[in-house]
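*Asks:* Encoded as structure tokens, here's the structure I'll be asking about.
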Amino acid sequence: MSRDALDDRITEVSEALFLLKVPIRSVPQDVKHEIADSLVDNRDYLEQVRWALIARGYLPKPEK
């Protein structure tokens, strides 16, 4: 992935953090990079970031 593409994905992650009301500074930069690198095109980035944050313990698991 090119540097520009990764920067765009990191921006998407930061926007998703804002929308999910997760303090951007509470998620380390390396975790943001890891999530950005794992995003799949043509899928809802917000949902992908939400589940990545749940998996890493930054958001609570949804109740069943």
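Take 26 as the starting number for the sequence shown in my numbering and just add one per residue. Cβ atoms here follow ideal geometry from the backbone N, Cα and C, with glycine treated the same way.
(1) Among the candidates I35, F43, I79 and K46, whose CA atom is the shortest distance from the CA of D55?
(2) For I49, does the count of other Cβ atoms within 10 angstroms reach 16, so buried, or fall short, so exposed?
(3) Apart from the five residues on each side of it in sequence, which residues of its chain come closer than 7 Å, Cβ to Cβ, to V47?
(4) Tell me the rounded alpha-carbon separation between E88 and A61.
(5) Three-state secondary structure (DSSP) at D29?
*Replies:* So, from the data block:
(1) I35
(2) exposed
(3) L78, Y83 and L84
(4) 26 Å
(5) helix
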